[in-house]
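Participant: Quick note on numbering: the sequence shown equals residues 0 to 390 in numbering that gives the first Met the number 0.
Note that beta-carbon positions come from the ideal geometry of N, C-alpha and C, so glycine has one too.
First the structure, which I've put down as C-alpha cells, then a few questions once you've had a look.
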Amino acid sequence: MTRPLLNRRLAEFGTTIFAEMSALAARTGAINLGQGFPDTDGPEEIREAAVRALHDGRGNQYPPGPGVPELRRAVADHQRRFYGLGYDPDTEVLVTAGATEAIAAALLALVEPGDEVIALEPYYDSYAACIAMAGGTRVPVTLRPHGDSYVLDLDELRAAVTDRTRLILLNTPHNPTGTVLTRAELTAVAELAVERDLLVVTDEVYEHLVFDGAEHLPLATLPGMRERTVTISSAGKTFSFTGWKVGWVTSTQELVTAVRSAKQFLTYVASGPFQYAVAEALRLPDTYFNAFREDLRAKRDLLCTGLADAGFGVFRPAGTYFVTADIRPLGESDGIGFCRSLPKRAGVVAIPNAVFYDDTEAGTPYVRFAFCKRTEVLMDATERLRTAFAH
Ligand code: PMP
Ligand code: GLN
0 MTRPLLNRRL
10 AEFGTTIFAE
20 MSALAARTGA
30 INLGQGFPDT
40 DGPEEIREAA
50 VRALHDGRGN
60 QYPPGPGVPE
70 LRRAVADHQR
80 RFYGLGYDPD
90 TEVLVTAGAT
100 EAIAAALLAL
110 VEPGDEVIAL
120 EPYYDSYAAC
130 IAMAGGTRVP
140 VTLRPHGDSY
150 VLDLDELRAA
160 VTDRTRLILL
170 NTPHNPTGTV
180 LTRAELTAVA
190 ELAVERDLLV
200 VTDEVYEHLV
210 FDGAEHLPLA
220 TLPGMRERTV
230 TISSAGKTFS
240 FTGWKVGWVT
250 STQELVTAVR
260 SAKQFLTYVA
270 SGPFQYAVAE
280 ALRLPDTYFN
290 AFREDLRAKR
300 DLLCTGLADA
310 GFGVFRPAGT
320 YFVTADIRPL
330 GESDGIGFCR
340 SLPKRAGVVA
350 IPNAVFYDDT
360 EAGTPYVRFA
370 FCKRTEVLMD
380 ATERLRTAFA
390 H
C-alpha cells in the first residue's frame with residue numbers, strides 16, 4: 000500500500016505528549032509530574048454517590064443524549080451560584096464525555112473547512128488536532144513571557160482576525176502557562192468578538208483553581224458575549240476524577256443544539272452513573288471549593304520553591320495545576336531533549352512546552368510540571384531535582 004494509512008489531517012500529530020510521557024514514567028519508575036492528573040481521588044462522598052447510582056441502576060443504560068436532568072440542573076445552578084449566569088437546563092446545557100469531547104464537538108459543529116480558528120499559543124494539544132479534524136486552519140496568538148508570568152498581546156490578537164476567522168478558542172485559566180486572563184484582557188476579547196461577529200469557545204476546566212485573589216471571569220458574563228460564547232468545563236479537574244470523563248457545555252439553545260449535532264455522533268452519551276455523582280459534586284458547599292483551592296495553592300508554592308532552588312526559572316501560575324519553568328538557567332536549551340533525559344538524570348517526568356506551539360522556537364526552553372500530587376511526592380520530586388541540578 001503506497002498511501003499512508005493516517006489521513007493528511009492527522010498526520011502531523013503522532014501520539015499525544017501526555018501518553019508518551021506517562022509511558023516514560025511507567026517505564027523508568029520516575030515521578031510523573033507530566034500528565035495532569037491528581038494522585039489522590041476526589042471526595043469520598045462523591046465516590047459513594049457513583050457507587051449508589053450504579054447499585055440503584057441509575058445510568059447503567061444509555062442516559063439521555065443531552066445528559067441526565069439532575070446533572071444539567073446542577074450545571075445550570077453552578078453557573079448561577081458562582082457567576083450569576085442563567086442557563087435553561089433543558090435547552091442550554093449539554094453533558095459531554097469530558098471537556099475533550101466538548102471541544103471536539105464544538106469545533107466539528109461550528110467550523111467549516113477553510114475557516115480560521117484563533118487559539119492562544121501554547122495551546123492544549125487536542126485543540127490543534129480538533130481544528131484539523133474539522134478542516135479548519137489554526138491561527139496561533141502567542142502568550143509571551145513577561146517577568147514571572149505570561150501576557151496576551153491584544154494587538155497581536157486583533158491583527159490575527161481576518162475575514163475568514165470563524166471563532167476564537169480561548170482557555171482561561173490557561174494550560175500550560177498558568178495565566179488567568181484579566182477582566183481587561185477578556186473585555187478586549189469580547190469587544191473584538193462583537194465587533195468582528197465571532198464566536199468564542201472558551202475552555203474553563205480550571206475555573207476553580209485560581210490563586211492569590213485572582214478572579215476567574217467566564218467570558219460569557221461580559222456584555223454581548225452570552226449569545227456568542229460556548230463555555231466548556233469538566234468534573235475531572237474540579238473534583239479530581241479525571242477518569243470519569245464528565246464534561247459540559249453551556250451556551251444558547253442554538254449553539255448547544257449545534258454542538259449536540261456533532262456530539263451525538265461521537266460518543267452519543269457517556270459516563271451514565273458518574274453523571275449522577277457529578278450532579279452531587281457540583282452542589283458541594285463552598286468549603287469544598289475553598290479547601291481544594293487552598294490545597295493546590297500550597298502545592299504550587301512547594302513546587303515553585305523547589306524548582307527555583309534547583310535552578311529553574313519559574314513562571315508562577317495564577318491558576319491551573321501546572322508550573323511552566325525555564326531550563327536556560329540550568330545551562331540547557333532544548334526542552335524536548337531535556338524532558339526525554341529527565342527520568343534518567345533526576346527520576347522525574349515533565350512535559351516539554353514546545354509541543355504546544357506552532358512557533359516551536361518560542362516554546363523550546365520551557366517545560367511544564369504538574370503539582371496535583373501528594374505533598375510527599377512533590378517533596379521527593381523537588382529534592383531529586385535539587386540533587387540533580389543545584390550547585
Ligand atoms: N482542556 C484543558 C485546558 C485541559 O487541561 C484538559 C485536561 N484535563 C482538558 C481540556 C480535557 O478535559 P477532560 O479530561 O475533561 O476531557
Ligand atoms: N489535561 C491533562 C494535561 O494537560 C492531560 C489530559 C490528557 O492526557 N489528555 O496534562
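Do you know how far the Cα of Asn-352 is from the Cα of Gly-41?
Facilitator: Approximately 28 Å between the Cα atoms of the pair.
Participant: Out of curiosity, what's the CA-to-CA distance linking Gln-274 and Arg-46?
Facilitator: 12 Å
Participant: Let me know the beta strand (DSSP E) ranges lying completely inside the stretch 327-355, each 3 residues or longer, listed in chain order.
Facilitator: none
Participant: Sort Ala-387, Thr-386, His-207, Ala-159 by Cα distance to Asp-285 and report the nearest one.
Facilitator: His-207
Participant: When you compare the CB positions of Gly-13 and Leu-23, do they come within less than 9 Å of one another, or not?
Facilitator: no
Participant: Compare the Cα-Cα distances from Pro-157 to each of Ile-167, Ser-148, Tyr-149 and report the closest residue.
Facilitator: A quick correction: the sequence has Arg, not Pro, at residue 157. Of the listed residues, the one whose Cα sits closest to Arg-157 is Ile-167.
Participant: Measuring CB to CB, does Leu-329 end up less than 9 Å from Leu-377?
Facilitator: no
Participant: I'd like the list of long-range same chain contacts for Thr-161, defined as Cβ closer than 7 Å, with 5 residues on each side in sequence excluded.
Facilitator: Glu-115
Participant: Along the chain, which unbroken stretches of the alpha helix (DSSP H) at least 4 residues long are found entirely within the stretch 148-204?
Facilitator: 153-159, 182-194
Participant: Check whether the stretch 53-65 touches the stretch 222-231, taking contact to mean three or more Cβ pairs, one atom from each stretch, closer than 8 Å.
Facilitator: No contact exists between the stretch 53-65 and the stretch 222-231.
Participant: Taking Cβ to Cβ, would you say Leu-70 is nearer than 9 Å to Ala-324?
Facilitator: no
Participant: How about Thr-178: is its Cβ closer than 8 Å to a heavy atom in the ligand PMP?
Facilitator: The answer is no for Thr-178.
Participant: Where DSSP assigns a beta bridge to Gly-312, which residues make up the other side?
Facilitator: Asp-325
Participant: Quick one: give me the first and last residue of the alpha helix (DSSP H) that Leu-23 is part of.
Facilitator: 16-27
Participant: Can you tell me whether Gln-34 sits near the ligand GLN, meaning its C-beta is under 8 Å from at least one heavy atom of the ligand?
Facilitator: Gln-34 Cβ: within cutoff of the ligand GLN.
Participant: Under the DSSP definition of a beta bridge, which residues are partnered with Leu-93?
Facilitator: Answer is Val-248.
Participant: Just to confirm, does Asn-174 get its C-beta within under 8 Å of one of the non-hydrogen atoms of the ligand GLN?
Facilitator: yes
Participant: Closer than 6 Å by C-beta to Ala-48: which residues in its own chain qualify, once you throw out the five before and the five after it? Chain order, please.
Facilitator: Ala-276, Glu-279
Participant: Let me check you understand the geometry: is the CB of Glu-415 closer than 8 Å to at least one non-hydrogen atom of the ligand PMP?
Facilitator: The displayed coordinates of the chain run from 0 to 390. Any statement about residue 415 would go beyond what the structure contains.
Participant: I think Val-110 touches Arg-165, with their Cβ atoms under 8 Å apart; what is that distance to the nearest whole Å?
Facilitator: 6 Å
Participant: Relative to the C-alpha of Asp-89, which candidate in Asn-59, Thr-99, Val-248 has its C-alpha closest?
Facilitator: The shortest C-alpha separation from Asp-89 is found at Val-248.
Participant: Measuring straight from C-alpha to C-alpha, what distance separates Glu-214 and Arg-182?
Facilitator: 9 Å
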